[in-house]
Structures are given as C-alpha cells and as structure tokens.
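Accompanying notes for the structure given below.
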Amino acid sequence: MSDKRFEVTILTHFCKGCGLCVEFCPEGKLYIEQKPDMRGIQAAAVRADVDCTGCLQCATICPDAAIEIVRVEAPVST
Ligand code: SF4
Ligand code: SF4
Numbered sequence: 000m001s002d003k004r005f006e007v008t009i010l011t012h013f014c015k016g017c018g019l020c021v022e023f024c025p026e027g028k029l030y031i032e033q034k035p036d037m038r039g040i041q042a043a044a045v046r047a048d049v050d051c052t053g054c055l056q057c058a059t060i061c062p063d064a065a066i067e068i069v070r071v072e073a074p075v076s077t
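Start counting the sequence shown at 0; every next residue gets the next number (numbering that gives the first Met the number 0).
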C-alpha cells in the first residue's frame, strides 16, 4: 500500500452538479448529493470510505474548477 494520501475537496459554490467528476473517477470516490443545496443544485461530494489515488482526472474534467486535490504527507516515523 502506498504511503501517499490525497485529500479531495469539492468547492461546492463552484459546482453545478454536472456529474462529470463522478463518471471519470476510477475509484468511485465521488458522488452526487441527493439533497439540493441552497442554490437548488445537487453538488458533488466525497466518499470518506474510498481512497483517492491522486490521478487528478476529476479535477481535470471539471468544467468549473470546483475540485481541489491536495497531497497529504505521511507522518515521518521516528
Ligand atoms: S484524483 Fe482521481 S481518484 Fe482522486 S477523486 Fe479525483 S478522479 Fe478520483
Ligand atoms: S465535474 Fe465539477 S461541476 Fe461537475 S459535478 Fe463534478 S465538481 Fe461539480
């Protein structure tokens, strides 16, 4: 197992709920909320129980730059 971990954040105020990121994520990390937000949009959301590999396909395909992927450094063992 890799020690690289990635944190996925949906910038929901930019998301229009098109679902492209959900379709393109090979890991199934993303889904569309069932409940519309205050704008009436069913935004993308992140599954906590699925690992992100940092492939960036979701962030690349998102037409609204609404996804941030950040690499989380593994703790240094002493
Ligand atoms: S970076 Fe890749 S694995 Fe991670 S959520 Fe996006 S598409 Fe899925
Ligand atoms: S591709 Fe972007 S705009 Fe479309 S659902 Fe995903 S985060 Fe939202």
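For each residue, glycine too, the CB sits at the ideal point set by N, CA and C. Computed from a predicted structure; not experimentally measured.
If you measure from the CB of residue i, is any heavy atom of ligand 2 nearer than 8 Å?
i, result
"L63", "What sits at residue 63 in the sequence shown is Asp, not Leu. The answer is yes for D63."
"G16", "yes"
"C20", "yes"
"F13", "yes"
Write down the C-beta distance between residue i and residue j rounded to the nearest angstrom, noting that I regard them as a contact closer than 8 Å.
i, j, result
"I68", "V7", "6 Å"
"V45", "K34", "Wrong, their Cβ atoms sit about 15 Å apart, outside the cutoff."
Is any heavy atom of ligand 1 found at a distance shorter than 8 Å from the C-beta of residue i?
i, result
"L55", "yes"
"P25", "yes"
"K28", "yes"
Do residue j and residue i come within 9 Å of each other at the CB atom, strictly closer than that value?
i, j, result
"A47", "C14", "no"
"I64", "L10", "Note that residue 64 is Ala in the sequence shown here, rather than Ile. Yes. Within cutoff."
"A39", "I31", "Looking at the sequence itself, residue 39 is Gly, so the reference to Ala does not match. No, Cβ-Cβ distance for G39 and I31 is not below 9 Å."
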